[in-house]
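J.: One structure coming up, written as structure tokens, with questions to follow.
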Amino acid sequence: MHGTRLVVHGASHGSLAELGNRSISESDAIDFSESLSFIRRRFKLIAAVFAVVVALGVLVTFLMPPTYTARSVVSLESPSPESPGAAANNPDQLPNSALVDTQIEIIESREMAKRVAAEAGLLDGKSEAESEDVIDSLINRVSAARSGESYAITIAFEGDTPQEAADRANEFARQFVQWELLSTQERTAGSIGAIRERLDELRSQAQADTVALQNYRIRNDLLSTSGASLTEQEISSYNQAVTTARAAAAEDQARLATARRQLRSGSSGDDVGEALGSSVVSDLRTQESTIAAQVADLSSRYGPNHPALIASKDQLAEVRQRIQAEIGRVISNLEAKSAVSQQRLASLSGSLSRARSNLAVSNGALAGLDELQRNAQVSQGLYEAYLNSYQQLVAGEGTERPNARILTLSALPSKPSSPNLVINVLLATFLGLGLGLLAGFLTDAADRTITTPRQVEHATGQRYLASIPKLDHKGSGVRYVFEEPRSPFVEAFRSLITSVELTADGPTKIIAITSPLPQEGKSVTSTSLAQVLSTGHRRTLLIDCDYARRGVSQLMNIADRAGLCEVLEGAAPVEDALLWDGENFAILPITHDSENIESLISGDAFSALLEGLRSQFDNIVLDLPPVLPIASARSVAAKADTTIMLARFGKTPVDALQAAMRLMSGSWINVAGIAITRVDMKRKGRFGREDPYYYFEQYKEYYA
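49 is the number that UniProt numbering gives to position 49 of the sequence shown; each next residue is one higher, with no gaps.
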């Protein structure tokens, strides 16, 4: 046995288990060529699914009963005012989107379908359950949609005949307009009743607020005329009277003071202004002047004691006394008038002060008065608004118009709306393509078999060596190497030999061939490899070590002669057991069963045999049993210089190959790499351009 551990050629990224769990797509970017390769790989499946779906689409289209779609159009109008203030907000307001959506729901409602069914006589003689079915059918076949951003609604109905479709679509339009009219009338009647009840409440409220306002005015002395309260008017009058009285008192006081000042200055009162203006004093002054003239005349004619003179003097003195008395009376009048003016001023000032006090009290009650006035005004205004709306509604009752009108009634449809062959085929095409790609993808994802070199390296961490094409003719592999030396099949083995020799870390004289499972092309590969080695002028020995199946021996049709069992048991010399095919190619077959063959091959006897044959041959090829079912395969592989692991194209599961490599990693085995066998050249080119066989069509003529 050679003391060499398993060697992992190429880039190694951790343990085999880690490498086995790594997905291919984790390091490979999906590009157009990979997508094309995927389609090429699964083209038959994709095409089959596509064809089935399209055929089903066409078949369903022809089997579906025809359906006709008729369309009528209604237009929404501005809603009528239904309450006080509604018309004042915006009399020209257009329906909003929410209202349009609501009308669409009404058209598609069960109530509308029931109205249409009743009008069309579809419910006559029907039971309740049957009537519900008819209504459900109408609901399922009618649809309404807004026409763009306009306020027009298109009503579509799908019928079994053109006449049915047109009749139902038009009836839905008529029933919708009729429903709008009835709804408007009901809303108007409801509004009138509600406003009438509300008017009574508002009238009572307005009256109550007015009475409360007047009572408050009376209670707080806030009565007024011409927009001003009585207290305010009284204060205004008092202010004017006080001003007048103050001026009069000042004037009287000034006259009195002037008279007193003149008297204090020695005046006899003759020059007092009031005296000068007195008619009595003026008359007395006239008399005084006349009498004084008489006295002067008499004094010039008579003596002082003349009776006439004395009488005139007495008369003059009496007049002058009367003048002084009158002046005294004038002064007394000034004093009395001044006193009266002061008293009047004081009285008016007192009244003004009391009025102002009353006004201050009244002003404290004005806050409550303002609130009562506002309440009264609001109540009265609301009452008048409702009264006005009530009068308008009553005046317009019976003249309502619907909030919708029919723009277009449907004509008879000229052709069925469904089934639409073109649309159905297009849908089936896209669906078939999608399902086909999905089926291909799922199949591709579920395919866990070895197909590409990259898959080999990513799944195991081992080097990819070569791909062996599948032979088209049964049994041709026995002599194919010699008959077609320039074929792709033979060239693949030359590539395999080159890969093994260039990547080996040691001698490659003894080469073991094994695989994870049976039926993976192991015996054909071993035989062909040995034959190709022999054509290069190398003495090559092929030993059949697969004691369970004896694949090489059966392939070469060798029987009834000494073989490996007899040599290891010592029953025959090795020279007698060798079967030569030409000068450079010999076979050591297994021709008989032996109970000890497994232990003999795994033991020292076989090791000694190999050492003896090493010097006689340039290369020795060992055809081993599969690794997974036969444990001794690893023991025999450990005796070789290098081992080639095989994986059958499209058959060997990735998990099986990983399991085989894990088993090999626990033994002293030098694994050169992995080769893919029985490769379908046409299929393999569909798995990616990194595979050399992707370009096979470009260089296949080279082998001609």
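Built from N, CA and C at the ideal position, the CB exists for glycine as well.
What's the gap between the Cα of Arg614 and the Cα of Leu541?
T.: The residue given as residue 614 occupies position 614 in the sequence shown. The residue given as residue 541 occupies position 541 in the sequence shown. Using only the alpha carbons, I get a separation of about 10 Å.
J.: Would you mind listing the alpha helix (DSSP H) stretches within the segment 435-515 that are 4+ residues and don't spill past its ends, in chain order?
T.: Within the segment 435-515, the complete alpha helix (DSSP H) runs of at least 4 residues are 453-460, 480-483 and 488-503.
J.: Under 8 Å: do the segment 504-518 and the segment 481-492 share three or more Cβ pairs, one atom per stretch?
T.: Output reads no: the segment 481-492 does not touch the segment 504-518.
J.: Thinking C-beta only, is Gln185 closer than 8 Å to Glu119?
T.: Indexing the sequence shown from 1 puts residue 119 at position 119. Indexing the sequence shown from 1 puts residue 185 at position 185. Against a cut-off of 8 Å, the Cβ pair of Gln185 and Glu119 comes out as no contact.
J.: With contact counted as at least three CB pairs below 8 Å, one residue from each stretch, are the segment 627-639 and the segment 599-606 in contact?
T.: Because the criterion of three Cβ pairs below 8 Å is met, the segment 627-639 and the segment 599-606 touch.
J.: Between Arg110 and Ile135, what straight-line distance do the alpha-carbon atoms span, to the nearest angstrom?
T.: Along the sequence shown, read from residue 1 onward, the residue named residue 110 stands at position 110. Along the sequence shown, read from residue 1 onward, the residue named residue 135 stands at position 135. Straight-line Cα distance between these residues: approximately 7 Å.
J.: Can you give me the Cβ contacts of residue 725 inside the same chain, cut-off strictly under 7 Å, excluding the 5 residues immediately before and after it?
T.: There is no way to answer for residue 725, as the model of the chain reaches only from 1 to 704.
J.: Indicate the three-state DSSP secondary structure (helix, strand or coil) for Gly521 in the structure shown.
T.: As a first step, residue 521 must be located in the sequence shown, where it is residue number 521. The answer is coil: DSSP assigns Gly521 none of H, G, I, E or B.
J.: Determine the burial state of Gln163: buried for a count of at least 16 other Cβ atoms within 10 Å of its Cβ, exposed for fewer.
T.: Here residue 163 corresponds to residue number 163 of the sequence shown, with the count starting at 1. So Gln163 counts as exposed.
J.: When we look at the beta-carbon of Leu442 and count the other beta-carbons within 10 Å, is it buried (16 or more) or exposed?
T.: Taking the first residue of the sequence shown as 1, we reach residue 442 at position 442. With fewer than 16 other Cβ atoms within 10 Å, it is exposed.
J.: Quick check on DSSP: helix, strand or coil for Tyr151?
T.: Mapped onto the sequence shown, residue 151 falls at position 151. The answer is coil: DSSP assigns Tyr151 none of H, G, I, E or B.
J.: Quick one: which unbroken alpha helix (DSSP H) runs of 4-plus residues sit fully inside the segment 109-146? Chain order, please.
T.: The qualifying runs are 110-119 and 128-141.
J.: Curious, which full-length beta strand (DSSP E) runs of at least 3 residues does the UniProt domain "Tyrosine-protein kinase G-rich" (371-441) contain?
T.: Runs found: 404-408.
J.: Who pairs with Leu588 in a beta bridge, going by DSSP?
T.: Sequence index remark: in the sequence shown, residue 588 carries index 588 (1-based). According to DSSP, Leu588 bridges with Ile543.
J.: Starting from Asp209, trace the alpha helix (DSSP H) both ways and give me its first and last residue.
T.: For this step, residue 209 is matched to residue 209 along the sequence shown. Counting along the chain, the alpha helix (DSSP H) containing Asp209 begins and ends at Pro162 to Arg219.
J.: Could you give the uninterrupted runs of the beta strand (DSSP E) lying entirely in the segment 606-670, keeping only those of 3 residues or more?
T.: Segments of the beta strand (DSSP E) lying fully in the segment 606-670: 619-623 and 642-648.
J.: So the alpha helix (DSSP H) Thr67 belongs to, where does it begin and stop?
T.: Residue numbering aside, residue 67 sits at position 67 when the sequence shown is read from its first letter. Run containing Thr67: none; DSSP gives neither H nor E here.
J.: In whole angstroms, what separates the C-alpha of Leu122 from that of Gln178?
T.: Within the sequence shown, numbered from 1, the residue matching residue 122 stands at position 122. Within the sequence shown, numbered from 1, the residue matching residue 178 stands at position 178. The alpha-carbon atoms of Leu122 and Gln178 are separated by roughly 19 Å.
J.: Going by CA-CA distance only, name the one from Leu412, Asn375 and Pro416 that's closest to Pro66.
T.: Walking along the sequence shown from the start, residue 66 turns up at place 66. Residue Pro416 is the option with its Cα nearest to Pro66.
J.: Would you tell me roughly how many angstroms separate the C-alpha atoms of Pro84 and Arg356, rounded to the nearest one?
T.: Within the sequence shown, the letter at position 84 stands for residue 84. Within the sequence shown, the letter at position 356 stands for residue 356. Low confidence applies here, because Pro84 scores a pLDDT of 47, under 50, leaving its location unreliable and the question unanswered by this model.
J.: Going by the DSSP bridge assignment, what does Thr677 pair with across the sheet?
T.: Counting from 1 along the sequence shown, the entry for residue 677 is found at position 677. Its beta-bridge partners are Arg648.
J.: Of the choices Ile327, Arg246, Asp252 and Arg648, whose alpha-carbon is the least far from that of Ser347?
T.: Counting from one through the sequence shown, the residue named residue 347 turns up at place 347. The option with the nearest alpha carbon to Ser347 is Arg246.
J.: Beta-carbon within less than 7 Å of Ile630's beta-carbon, same chain only, minus the 5 sequence neighbours each way: which residues are those?
T.: In the sequence shown, residue 630 corresponds to position 630, counting from 1. Excluding sequence neighbours, Ile630 sits near Ala548.
J.: Could you pull the DSSP bridge partners for Glu158 from this structure?
T.: As a first step, residue 158 is located in the sequence shown; it is residue number 158 there, counting from the start. Note: Glu158 sits in a beta bridge opposite Thr69.
J.: Let's test the definition: count the other Cβ atoms within 10 Å of the Cβ of Asp314 and tell me whether it reaches 16, buried, or not, exposed.
T.: Here residue 314 refers to the residue found at position 314 when the sequence shown is read from its first residue. Exposed, by the Cβ-count rule.
J.: How about Ser602: is its C-beta nearer than 8 Å to some C-beta of chain C?
T.: As a matter of chain content, chain C is missing from the structure shown, which is built from one protein chain.
J.: Hey, how far is the Cα of Glu132 from the Cα of Tyr383?
T.: By one-based count along the sequence shown, residue 132 stands at place 132. By one-based count along the sequence shown, residue 383 stands at place 383. Going by the C-alpha atoms only, they are around 49 Å apart.
J.: Taking 8 Å as the cut-off, decide whether the C-beta atoms of Arg71 and Ile153 are in contact.
T.: Translated into positions along the sequence shown, residue 71 becomes position 71. Translated into positions along the sequence shown, residue 153 becomes position 153. No.
J.: Check Leu284 in the structure and name its three-state DSSP category.
T.: The residue you call residue 284 lines up with position 284 of the sequence shown. In the structure shown, Leu284 sits in a helix (DSSP, three-state: H, G or I).
J.: For Asn96, which option in Thr525, Asn403 and Val295 has the closest C-alpha, if you only look at C-alpha atoms?
T.: The residue you call residue 96 lines up with position 96 of the sequence shown. Cα-wise, what sits closest to Asn96 is Asn403.
J.: Indicate the three-state DSSP secondary structure (helix, strand or coil) for Ser594 in the structure shown.
T.: In the sequence shown, counting from the first residue as 1, residue 594 sits at position 594. In this structure, Ser594 counts as coil in the three-state DSSP scheme.
J.: Pick out whichever of Pro653, Pro626 and Gln205 has its Cα sitting closest to the Cα of Arg374.
T.: One-based indexing of the sequence shown puts residue 374 at position 374. Comparing Cα-Cα distances from Arg374 to each of Pro653, Pro626 and Gln205, the minimum goes to Gln205.
J.: Give the secondary structure of Ala672 by DSSP, where H, G and I count as helix, E and B as strand, and everything else as coil.
T.: Here residue 672 refers to the residue found at position 672 when the sequence shown is read from its first residue. In this structure, Ala672 counts as strand in the three-state DSSP scheme.
J.: Please state whether DSSP places Ser265 in a helix, a strand or coil.
T.: As a working mapping, residue 265 is identified with position 265 in the sequence shown. Three-state DSSP puts Ser265 in coil, outside helix and strand.
J.: Alpha carbon to alpha carbon, how far is Tyr390 from Glu149?
T.: Working through the sequence shown from its first residue, we reach residue 390 at position 390. Working through the sequence shown from its first residue, we reach residue 149 at position 149. The alpha-carbon atoms of Tyr390 and Glu149 are separated by roughly 35 Å.
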